[in-house]
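In the working numbering, the protein residues as written are 5 to 695.
Where a beta carbon is used, it is the ideal one built from N, C-alpha and C, also for glycine.
#1: Within 8 Å, do at least three Cβ pairs link the segment 592 to 610 to the segment 557 to 574?
#2: Please check the pair residue 105 and residue 186, which I expect to be a contact at CB under 8 Å, by giving their CB distance rounded to whole angstroms.
#3: Pick out whichever of 495, 535, 421, 525 has its Cα sitting closest to the Cα of residue 519.
#4: Helix, strand or coil, according to DSSP, for residue 353 in the structure here?
#5: Note down, in chain order, each residue of its chain lying with its Cβ closer than 6 Å to the Cβ of residue 388, except the 5 sequence neighbours on either side.
#6: Is the beta carbon of residue 683 closer than 8 Å to that of residue 604?
#7: Count the other CB atoms within 10 Å of the CB of residue 316; is the residue buried (16 or more) or exposed (fewer)?
#8: Take every Cβ of the segment 114 to 131, pair it with every Cβ of the segment 220 to 228, and state whether three or more of those distances are shorter than 8 Å.
#9: Which of the three DSSP states is assigned to residue 447 in this structure?
#10: Which runs of the beta strand (DSSP E) spanning at least 3 residues fall entirely within the segment 473 to 539, listed in chain order?
#11: Measuring only the C-alpha atoms, how far is residue 462 from residue 85?
#12: Just the Cα atoms here: how many angstroms apart are residue 373 and residue 321?
#13: Per DSSP, what kind of secondary structure is residue 301 in: helix, strand or coil?
#14: If you run the structure through DSSP and keep just helix, strand and coil, what is residue 641?
#15: With hydrogens ignored, establish whether the beta-carbon of residue 575 is closer than 7 Å to any heavy atom of the ligand NAD.
#16: Short of 7 Å in beta carbon distance, which residues of its chain neighbour residue 672, apart from the five on each side in sequence? Order them along the chain.
#17: Go to residue 552, then tell me how far its beta strand (DSSP E) extends in each direction, as first and last residue.
#18: For residue 253, tell me which candidate among 246, 326, 143 has the shortest Cα-Cα distance.
#19: With DSSP run on the structure shown, which of helix, strand or coil describes residue 252?
#20: Measuring only the C-alpha atoms, how far is residue 109 from residue 50?
#21: List the endpoints of the continuous alpha helix (DSSP H) containing residue 267.
#22: Please report the straight-line C-alpha distance between residue 677 and residue 371, rounded to a whole angstrom.
#23: Taking Cβ to Cβ, would you say residue 574 is nearer than 8 Å to residue 530?
#24: Measure how close the beta-carbons of residue 332 and residue 301 come, nearest whole angstrom, since I'm counting them as under 8 Å.
#25: Beta-carbon separation of residue 102 and residue 28 under 8 Å?
#26: What three-state label does DSSP hand residue 87 in the structure shown?
#27: Identify every residue that forms a DSSP beta bridge with residue 673.
#28: Just the Cα atoms here: how many angstroms apart are residue 538 and residue 551?
#29: Using a 10 Å radius around the Cβ and a threshold of 16 neighbouring Cβ atoms, would you call residue 24 buried or exposed?
#30: Check whether the segment 559 to 566 and the segment 487 to 503 are in contact - that is, three or more C-beta pairs closer than 8 Å.
#31: Give the straight-line distance between the Cα atoms of residue 306 and residue 95, rounded to the nearest whole angstrom.
#32: Is residue 291 helix, strand or coil by DSSP?
#33: Return the first residue and the last residue of the beta strand (DSSP E) that residue 64 is part of.
#34: What's the gap between the Cα of residue 653 and the Cα of residue 443?
#35: Going by alpha carbons, who is nearest to residue 453 out of 419, 249, 243, 424?
#36: For residue 9, which three-state DSSP category applies?
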């Protein structure tokens, strides 16, 4: 066993000295408890970190020295709302410990996490926790994992049980028993038959040999020859590094059972940064370049993995270095990938001088003069850099392809609680957006400030940060859907504005015809006045008055769209007619034309695509129909069902939360604006009254 980490961090001279490992698992799986046990096993006097909402919602890094290598452990959030942080952790890491609770089984949320790893081709070891629960069973858990994740899932260790639950494990290759029941770990050779060993050892060895594609080795094994354990372990970890085999290790996150076996596998076989592919890069002009080599001597390429902000200390950026060497006082190019630029995260392109470089030593940060390719470091007080930004050599600037961000689909309409809060709100929201790339801010046509979030937990966290970190109190209000008004029947009307009570008066009369246009056609104004009934100089005045009234709406206060207005007659006075009088006449004509029989409300529809486990297809379709959705079709993709529908925006405000409940955490959806359609008559009165 390696000596425990003291105050000094081991010297990293090569990327091969580093392992970057992210822990991934459902909320409640025991992931963070296992993270703490991994640190306790290598850090003298480590007592653990306090678990709170902030800690559970963000990517957390700590490092240990383990068997001659520096391991950066990243604890990624398990809640679906924080998948952006999870993907950041996957981008920073070269391998993962995937935590599954034997007590809770594999649900849709766990499947979604596994799919995230698969999409990144991330090597994984499975840590099976909570085997002490009364209904938990090792064999059932392994079978469920193999059924869900594939035949590459194979135990490398099996649990040993005592009176109070799991007390250790047996290595299937070494046939060594690891006993954690005493004050010190005891390792001894297995001296008796074990049914678990008999069940799992043969399939494991055969799978290793098949992955190695070594026919002679298979012949030796089938002939009964005992194979060299270290040789098999080497071949096993080669298969793990290519994400073809996924070892299962039983652990007890509360007692540390299995931790040493995990640490050995991490050091022995998880890929070094040099062996794990770096992400694609482009030039600032968008021209693709070869992925950077993990070479300390190459030009710098690094990426901001996450950003935290503090009202007093400023920004702290977690940075993964893919290529080159970063030194204090270096001037680097900082840029945001164009694909991620939006109102909350504007495009930027600048140069910054690197001040302090810090690296995790255990859970503490210590200063460094430099850091090389493969390392993860912290950079305080970068002025412009945000999460996802690229740091590169100013002589050869590059952009790292960003990881895919989840679309925030839960809108939250907010307003400042007081005038004092209003003065601080804009700055606080900007700071939130700097550290959280999944935040989107929108001030729509209804003059509401809308904070788009990924779910209720994300929304609660952001509101908490506004209040506790930045001292800004906000109030939530009902989300206003951008309805529209339109004419549904052809009609004529007269607008008459006459005030003649002595002196200079006001006189304007206009006759208009209003007719509906097809959806999306907008507004047309047609002049058919003959004989000078409305003088030429006042026809634009009528149009302006009509336009102003259409923008205000009549029936419910929403803008009117898809209308043709034809001015065909009118009257004027040689003295009292004026520009303003004809504007008012045009406005009055629209009001006169608008009646419950001629005007209706339009509601916006979104094209929604839902992806869920196939077992939830019926429930999702029923729910969408209940939301007045128009089903467009379904498809199958593996064990996933894809449902496409047109759904009114009025029915989607809470869908991000509702879908998660319907599909037990496995559902995702996207939405894009489709167009406007007539609001059902039974809902018209509701929205007219609430305008």
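Taking the structure as given:
#1: yes
#2: Here residue 105 is taken as the residue at index 101 of the chain shown, counted from 1. Here residue 186 is taken as the residue at index 182 of the chain shown, counted from 1. That pair is no contact at about 26 Å.
#3: Against the chain shown, residue 519 aligns to sequence position 515. For the options 495, 535, 421, 525, the alpha carbon positioned closest to that of residue 519 is the one of 495.
#4: Stepping through the chain shown from its first residue, residue 353 is reached at position 349. Looking at residue 353 - three-state DSSP - the assignment turns out to be strand.
#5: To locate residue 388, count along the chain shown from 1; it is residue 384. Short of 6 Å from the beta carbon of residue 388, and not among the five residues preceding or following it, lie these beta carbons of its own chain, in chain order: 338, 352, 354.
#6: Within the chain shown, the letter at position 600 stands for residue 604. Within the chain shown, the letter at position 679 stands for residue 683. Taking 8 Å as the Cβ cut-off, residue 604 and residue 683 qualify as a contacting pair.
#7: As a position in the chain shown, residue 316 is number 312, starting the count at 1. That one is exposed.
#8: Fewer than three Cβ pairs drawn from the segment 114 to 131 and the segment 220 to 228 lie within less than 8 Å of each other, which leaves the two stretches out of contact.
#9: Start at 1 with the first residue of the chain shown, and residue 447 comes out as number 443. Note: residue 447 maps to strand in three-state DSSP.
#10: 478 to 481, 488 to 491, 495 to 503, 510 to 520, 527 to 531
#11: For the purposes of this step, residue 462 is taken as residue 458 along the chain shown, with counting starting at 1. For the purposes of this step, residue 85 is taken as residue 81 along the chain shown, with counting starting at 1. If you take the alpha carbons of residue 462 and residue 85, they lie about 6 Å apart.
#12: Translated into positions along the chain shown, residue 373 becomes position 369. Translated into positions along the chain shown, residue 321 becomes position 317. Rounded to whole angstroms, residue 373 to residue 321 spans 16 Å at the Cα level.
#13: Position 297 of the chain shown, counted from the start, is the residue given in the question as residue 301. DSSP places residue 301 in coil when its eight states are reduced to three.
#14: Position 637 of the chain shown, counting from 1, holds the residue named residue 641. In this structure, residue 641 counts as strand in the three-state DSSP scheme.
#15: Because no ligand of any kind appears in the structure shown, any question about the ligand NAD cannot be addressed here.
#16: Taking the first residue of the chain shown as 1, we reach residue 672 at position 668. Closer than 7 Å at Cβ, skipping near neighbours: 615.
#17: Taking the first residue of the chain shown as 1, we reach residue 552 at position 548. Looking at the DSSP string, residue 552 is not in any beta strand (DSSP E); the run it does join, the alpha helix (DSSP H), is 543 to 556.
#18: Taking the chain shown and counting its residues from 1, the one referred to as residue 253 is at position 249. Of the candidates 246, 326, 143, the one whose C-alpha sits nearest the C-alpha of residue 253 is 143.
#19: On the chain shown, residue 252 is found 248 positions in, with the first residue counted as 1. Under the three-state reduction of DSSP output, residue 252 falls in the strand class.
#20: As a position in the chain shown, residue 109 is number 105, starting the count at 1. As a position in the chain shown, residue 50 is number 46, starting the count at 1. Distance between the alpha carbons of residue 109 and residue 50 is about 31 Å.
#21: Numbered from 1 along the chain shown, position 263 holds the residue referred to as residue 267. That run of the alpha helix (DSSP H) goes 263 to 273.
#22: On the chain shown, position 673 is the one that residue 677 refers to. On the chain shown, position 367 is the one that residue 371 refers to. Between residue 677 and residue 371, the C-alpha separation is close to 49 Å.
#23: Against the chain shown, residue 574 aligns to sequence position 570. Against the chain shown, residue 530 aligns to sequence position 526. Between residue 574 and residue 530, the CB-CB gap reaches or exceeds 8 Å.
#24: Numbered from its first residue, the chain shown carries residue 332 at position 328. Numbered from its first residue, the chain shown carries residue 301 at position 297. Not a contact, Cβ separation roughly 18 Å.
#25: In the chain shown, residue 102 corresponds to position 98, counting from 1. In the chain shown, residue 28 corresponds to position 24, counting from 1. Yes. Within cutoff.
#26: Here residue 87 refers to the residue found at position 83 when the chain shown is read from its first residue. Of the three classes helix, strand and coil, the one that applies to residue 87 here is helix, per DSSP.
#27: As a first step, residue 673 must be located in the chain shown, where it is residue number 669. Paired residue(s): 614.
#28: Translated into positions along the chain shown, residue 538 becomes position 534. Translated into positions along the chain shown, residue 551 becomes position 547. Going by the C-alpha atoms only, they are around 18 Å apart.
#29: For the purposes of this step, residue 24 is taken as residue 20 along the chain shown, with counting starting at 1. Answer is buried; the Cβ neighbour count reaches 16.
#30: yes
#31: The count along the chain shown starts at 1 and reaches residue 306 at position 302. The count along the chain shown starts at 1 and reaches residue 95 at position 91. Going from the Cα of residue 306 to the Cα of residue 95 covers about 11 Å.
#32: Position 287 of the chain shown holds residue 291. In the structure shown, residue 291 sits in coil (DSSP, three-state: anything other than H, G, I, E or B).
#33: Stepping through the chain shown from its first residue, residue 64 is reached at position 60. First-last of the beta strand (DSSP E) with residue 64: 64 to 70.
#34: The residue labelled residue 653 in the question sits at position 649 within the chain shown. The residue labelled residue 443 in the question sits at position 439 within the chain shown. Rounded to the nearest angstrom, the two C-alpha atoms are 20 Å apart.
#35: On the chain shown, position 449 is the one that residue 453 refers to. The option with the nearest alpha carbon to residue 453 is 419.
#36: Position 5 of the chain shown, counting from 1, holds the residue named residue 9. Because the pLDDT of residue 9 is 45, which lies under 50, any placement of that residue in the model is unreliable, and the number read from its coordinates should be weighed accordingly. Strand.
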